[in-house]
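In my numbering, the protein residues as written are 117 to 299.
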């Protein structure tokens with residue numbers, strides 16, 4: 117029994133060390149609070165529960181990350197495009213923070229490789245599903261925010277966002293899919 121516990125602790129430590137190294141390669145810094153990052157990578161299909169029996173997954177972090185993402189992209193657009201009207205700013209922001217774009221950002225850093233998924237989601241190729249990748253990317257932003265500050269999140273996020281904004285503006289396609297469908 118004790119050897120089994122020691123083996124599990126060693127395995128957990130090895131996985132944490134690997135995760136620290138992977139996060140450093142992705143983020144450019146070592147996380148201080150690894151548990152937030154683990155949670156950011158934990159899809160609800162894993163069905164993990166804490167000591168109080170409550171589900172543990174990335175949904176709450178995704179909620180926070182969505183707001184952090186929106187403020188950073190909004191601030192960037194506001195500062196870099198002083199002559200752009202509010203409606204256009206909103207359309208460019210929507211295109212920058214949509215599921216397709218976020219899933220693309222997640223693919224660039226191979227975030228799917230690090231996700232904790234349940235067996236069913238694993239079989240359904242959840243690691244490449246856009247909605248799961250986009251949600252995990254938002255949760256990762258929240259983990260960075262909680263671990264450091266909004267400036268660190270900006271440093272990490274803006275290279276992705278700037279490329280997407282440039283793509284949107286150069287294509288002349290500032291309408292999001294919902295707007296196009298409504299029109």
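The beta carbon of each residue, even a glycine, is placed where N, CA and C say it ideally should be.
Bear in mind the structure is a predicted one, so any value in this text is a computation, not a measurement.
| Asked | Found |
| --- | --- |
| Within 7 Å, strictly: CB atoms of residue 280 and residue 195 | no |
| Backbone secondary structure at residue 171 - three-state DSSP | strand |
| Exposure label - residue 152; buried when at least 16 CB within 10 Å | buried |
| As assigned by DSSP and simplified to three states, the class of residue 133 | helix |
| Among 251, 188 and 206, nearest to residue 160 - alpha-carbon criterion | 251 |
| Uninterrupted alpha helix (DSSP H) stretches inside the segment 175 to 240 (no shorter than 4 residues) | 175 to 196, 202 to 212, 215 to 224 and 235 to 239 |
| Runs of alpha helix (DSSP H) wholly within the segment 246 to 297 (minimum 4 residues, chain order) | 246 to 263 and 266 to 287 |
| DSSP-derived helix/strand/coil call for residue 163 | coil |
| Short Cβ contact (7 Å threshold) for residue 203 with residue 255 | no |
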